[in-house]
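Here the structure comes first, spelled out in structure tokens, and everything after it is commentary.
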Amino acid sequence: APLALPAYASAVTSHGKTRSHRVGVLALGSAAMMLLAACGGASATADPDPTMALTPIVSANSSVTAAPVGGSTSSTSPTSTTTTLPARPQGEVTMAFSGDILIHSSVWKDATTNAGGTGYDFAPMFAEITPLVSSVDLGVCHLEVPIAPAGKQPSTFPLYGAPKELVAGIHSAGYDRCSNASNHSLDQGVAGIEATLGALDEQGMGHAGMARTPDEIEPKVFAVNGVTMSHLSYTWGYNGLDTPKGESWRSALNNPKRIISDAKKARAMGAQFVVVSMHWGTEPLAEVTSAQRKLAAELTASGQIDLIVGHHSHMIQKIEQINGVWVVFGMGDSLSDLPTRAYFPPATQDGVVVMITMRLDPATGKPVVAAPVVHPTWVDKDHGHVIRDVLKELARTDLSAGERATYTESLRRTSLQVGDFITPH
């Protein structure tokens with residue numbers, strides 16, 4: 001059944017930086033299908049599912065500055081408006097999660113163009129989804145690739161190493177932290193892990209899934225709007241690479257006993273809400289694998305985990321509720337230059353920003369998670385690798401027929417997987 005949540009807003013201070021947060025009315029159901037038809041796209045039938053280092057985020061006042069995006073397809077410069085809405089109570093947290101950030105050489109070349117020919121500026125690529133990510137209390141990215149160590153040039157497949165400036169671009173969108181455990185975690189060795197976490201630290205961002213010390217891989221807790229949370233991150237493997245002898249703690253693998261144990265540790269530290277980022281599945285498949293389902297069932301049955309968000313397949317996968325826990329199996333690609341090989345289909349340009357609202361039940365103190373809300377995205381490789389907000393683009397009246405067809409087709413693909421969770425702008 002469709003679900004509506006009231007609009008609200010609050011300004012918060014995160015990592016010493018004041019950001020604006022706003023969430024509007026969220027409506028779920030068949031809206032995506034109706035919008036698709038209104039845009040002139042082929043009809044699609046939704047396939048409903050059966051079923052920070054420790055850093056506080058402190059509520060402030062209710063003055064909100066939003067940055068909606070407008071203009072032509074080739075422009076990504078946001079404009080600003082100011083809206084004042086009632087502050088909402090503590091004990092309720094809004095979150096945004098998104099797909100893989102996988103940096104290929106064409107992406108960093110566009111970042112050099114953005115910077116005027118010298119250096120890298122990734123911020124314009126994230127500008128169009130900034131109003132979404134910055135509207136929530138906690139924005140979480142999935143940085144699939146390590147940062148190239150100091151003095152080393154960026155590199156692409158098979159051993160990725162992204163420019164350090166990528167993290168500043170991610171942070172510019174309003175992300176507060178990133179999951180880092182992936183099959184590329186060891187691409188640049190220990191030096192890459194240290195460079196990645198150092199770059200995140202410099203931006204005041206939290207992280208999970210990589211470690212510089214044995215203690216750093218252990219669960220951490222942090223406060224968001226009066227709720228104590230923990231964010232954990234794991235991967236299926238490292239593409240055949242190994243951690244240094246005796247240093248298996250450098251990252252974390254998808255071992256259910258380990259994950260449940262970590263969640264219990266987080267609970268013992270006071271965590272009221274535990275979210276797990278899983279790098280799992282098979283690329284490039286939209287189908288959820290039996291291994292994913294088995295692991296999801298075991299984790300959610302433990303009673304220790306409140307939300308699972310998934311990555312790796314480069315394809316949007318189903319969202320289901322398993323043992324009463326929402327599982328977002330795969331969020332596609334947020335930023336990449338796929339398809340880079342023949343078997344990567346156009347759908348690898350599709351991604352989603354998944355919005356989650358959680359509140360603590362005042363009677364039991366337990367978290368209650370509303371149905372996810374999905375905002376489809378698409379990587380515009382022809383105009384600087386900009387992450388497009390698909391519904392926002394389709395609402396424009398100045399699109400060419402070709403542009404409208406491209407966005408409509410992306411929405412059709414995404415709707416086939418998660419159409420019941422898409423809300424119109």
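With the working numbering, the residue at position 380 of the sequence shown is 380, and numbering never jumps. Think of the CB as a built atom: it goes at the ideal place given N, C-alpha and C, for glycine as much as any other residue.
Worksheet item: For the candidate residues 213, 177, 243, whose alpha-carbon lies nearest to that of residue 222?
Response: Taking the sequence shown and counting its residues from 1, the one referred to as residue 222 is at position 222. Checking every option, the nearest Cα to that of residue 222 belongs to 177.
Worksheet item: Could you check where the beta strand (DSSP E) with residue 100 kicks off and where it finishes?
Response: Translated into the one-based positions of the sequence shown, residue 100 becomes position 100. Counting along the chain, the beta strand (DSSP E) containing residue 100 begins and ends at 92-101.
Worksheet item: Between 119, 234, 392, which lies nearest to residue 183 when the distance is taken from Cα to Cα?
Response: Taking the first residue of the sequence shown as position 1, residue 183 is located at position 183. Considering only alpha carbons, the answer is 234.
Worksheet item: Apart from the five residues just before and just after residue 195, which ones in its own chain have a Cβ nearer than 6 Å to its Cβ?
Response: As a position in the sequence shown, residue 195 is number 195, starting the count at 1. Contacts found: 147, 149.
Item to complete: Tell me whether residue 389 sits in a helix, a strand or coil according to DSSP, three-state version.
Response: One-based indexing of the sequence shown puts residue 389 at position 389. DSSP places residue 389 in strand when its eight states are reduced to three.
Practice prompt. Could you say which of 108, 282, 393, 370 lies nearest to residue 354 if we only look at CA atoms?
Written response: Position 354 of the sequence shown, counted from the first residue, corresponds to residue 354. That would be 370, whose Cα lies nearest to the Cα of residue 354.
Worksheet item: Roughly how many angstroms lie between the CA atoms of residue 162 and residue 363, to the nearest whole one?
Response: Taking the sequence shown and counting its residues from 1, the one referred to as residue 162 is at position 162. Taking the sequence shown and counting its residues from 1, the one referred to as residue 363 is at position 363. Cα to Cα, the separation comes out at about 47 Å.
Worksheet entry | Classification of residue 398 by the beta-carbon crowding that lies within 10 angstroms, buried from 16 upward | One-based indexing of the sequence shown puts residue 398 at position 398. Result: exposed.
Item to complete: Check each candidate in 408, 375, 293 and name the one with the smallest Cα separation from residue 99.
Response: Translated into positions along the sequence shown, residue 99 becomes position 99. Residue 375 holds the alpha-carbon nearest to the alpha-carbon of residue 99 among 408, 375, 293.
Worksheet item: Counting along the chain, where does the beta strand (DSSP E) carrying residue 248 start and finish?
Response: As a first step, residue 248 is located in the sequence shown; it is residue number 248 there, counting from the start. Careful: residue 248 lies outside any beta strand (DSSP E) and carries neither H nor E.
Worksheet entry | Rounded distance between the beta-carbons of residue 326 and residue 372, thought under 8 Å | Sequence index remark: in the sequence shown, residue 372 carries index 372 (1-based). Sequence index remark: in the sequence shown, residue 326 carries index 326 (1-based). Between the beta-carbon of residue 372 and that of residue 326 there is about 6 Å, and that keeps the pair under the 8 Å contact cut.
Fill in: Rounded C-alpha distance that separates residue 315 from residue 351
Taking the first residue of the sequence shown as position 1, residue 315 is located at position 315. Taking the first residue of the sequence shown as position 1, residue 351 is located at position 351. So the alpha carbons of these two residues sit roughly 8 Å apart.
Fill in: Boundaries (first-last residue) of the beta strand (DSSP E) holding residue 234
What you label residue 234 is simply residue 234 of the sequence shown in a count that begins at 1. First-last of the beta strand (DSSP E) with residue 234: 227-235.
Discussion item. What does the alpha-carbon distance come out to for the pair residue 334 and residue 365?
Written reply: Reading the sequence shown from its first residue, position 334 is the one you call residue 334. Reading the sequence shown from its first residue, position 365 is the one you call residue 365. Approximately 34 Å between the Cα atoms of the pair.
Worksheet item: Which parts of the stretch 268-300 are runs of the alpha helix (DSSP H), unbroken and 4 residues or longer, counting only runs that do not cross its ends?
Response: Assignment of alpha helix (DSSP H) within the stretch 268-300, counting only whole runs of 4 or more residues, yields no such run.
Discussion item. Considering just the uninterrupted stretch of the beta strand (DSSP E) at residue 177, what are its terminal residues?
Written reply: One-based indexing of the sequence shown puts residue 177 at position 177. Run containing residue 177: 177-179, per the beta strand (DSSP E) assignment.
Worksheet item: Can you tell me whether residue 341 is buried or exposed, with buried defined as 16 or more other CB within 10 angstroms of its CB?
Response: The sequence position of residue 341 within the sequence shown is 341, counting from 1. So residue 341 ends up on the exposed side.
Item to complete: State the DSSP-derived secondary structure class of residue 205, mapped to helix, strand or coil.
Response: Reading the sequence shown from its first residue, position 205 is the one you call residue 205. DSSP, read as helix, strand or coil, puts residue 205 in coil.
Worksheet item: By DSSP, does residue 321 sit in helix, in strand, or in coil?
Response: Along the sequence shown, read from residue 1 onward, the residue named residue 321 stands at position 321. For residue 321, the secondary structure class from DSSP, reduced to helix, strand or coil, is strand.
Worksheet item: If you check the beta carbons only, do residue 94 and residue 137 fall under 8 Å apart?
Response: Position 94 of the sequence shown holds residue 94. Position 137 of the sequence shown holds residue 137. Cβ atoms of residue 94 and residue 137: closer than 8 Å.
Worksheet item: Near residue 388, which residues of its chain fall below 7 Å by C-beta distance, leaving aside the five closest residues on each side in sequence?
Response: Indexing the sequence shown from 1 puts residue 388 at position 388. The answer, listed in chain order, is 128, 377, 378, 380.
Worksheet item: Can you pull the DSSP bridge partners for residue 326?
Response: Within the sequence shown, numbered from 1, the residue matching residue 326 stands at position 326. According to DSSP, which records beta bridges pairwise, residue 326 is partnered with 307, 321.
Practice prompt. Could you give the DSSP three-state label for residue 159: helix, strand or coil?
Written response: Against the sequence shown, residue 159 aligns to sequence position 159. Note: residue 159 maps to coil in three-state DSSP.
Fill in: C-alpha gap between residue 229 and residue 211, whole angstroms
Mapped onto the sequence shown, residue 229 falls at position 229. Mapped onto the sequence shown, residue 211 falls at position 211. Rounded to whole angstroms, the separation of the alpha carbons of residue 211 and residue 229 is 19 Å.
Fill in: Three-way DSSP call (helix, strand, coil) for residue 223 in this model
Against the sequence shown, residue 223 aligns to sequence position 223. The DSSP-derived three-state label of residue 223 is strand.
Practice prompt. Could you check which residue in 319, 390, 198 has the C-alpha nearest to that of residue 349?
Written response: Counted from its first residue, the sequence shown places residue 349 at position 349. Taking the Cα of residue 349 as reference, the smallest distance to any Cα among 319, 390, 198 is reached at 390.
Worksheet item: From what residue to what residue does the alpha helix (DSSP H) around residue 125 run?
Response: What you label residue 125 is simply residue 125 of the sequence shown in a count that begins at 1. Where residue 125 is concerned, the enclosing alpha helix (DSSP H) stretches over 123-126.
Discussion item. From the DSSP secondary-structure annotation, give me the bridge partner or partners of residue 312.
Written reply: Within the sequence shown, numbered from 1, the residue matching residue 312 stands at position 312. Its beta-bridge partners do not exist; DSSP assigns none.
Worksheet item: Can you give the Cα-Cα distance for residue 193 and residue 164, rounded to whole angstroms?
Response: Counted from its first residue, the sequence shown places residue 193 at position 193. Counted from its first residue, the sequence shown places residue 164 at position 164. Those two C-alpha atoms are separated by around 12 Å.
Fill in: Under 8 Å between C-beta atoms of residue 251 and residue 198
Your numbering for residue 251 matches position 251 in the sequence shown. Your numbering for residue 198 matches position 198 in the sequence shown. No, the Cβ-Cβ distance between residue 251 and residue 198 is not below 8 Å.
Worksheet item: Could you give the residue range of the alpha helix (DSSP H) that holds residue 132?
Response: To locate residue 132, count along the sequence shown from 1; it is residue 132. For residue 132, the enclosing alpha helix (DSSP H) stretches over residues 130-133.
Worksheet item: Among 311, 344, 245, 358, which has the Cα closest to the Cα of residue 227?
Response: By one-based count along the sequence shown, residue 227 stands at place 227. Comparing Cα-Cα distances from residue 227 to each of 311, 344, 245, 358, the minimum goes to 358.
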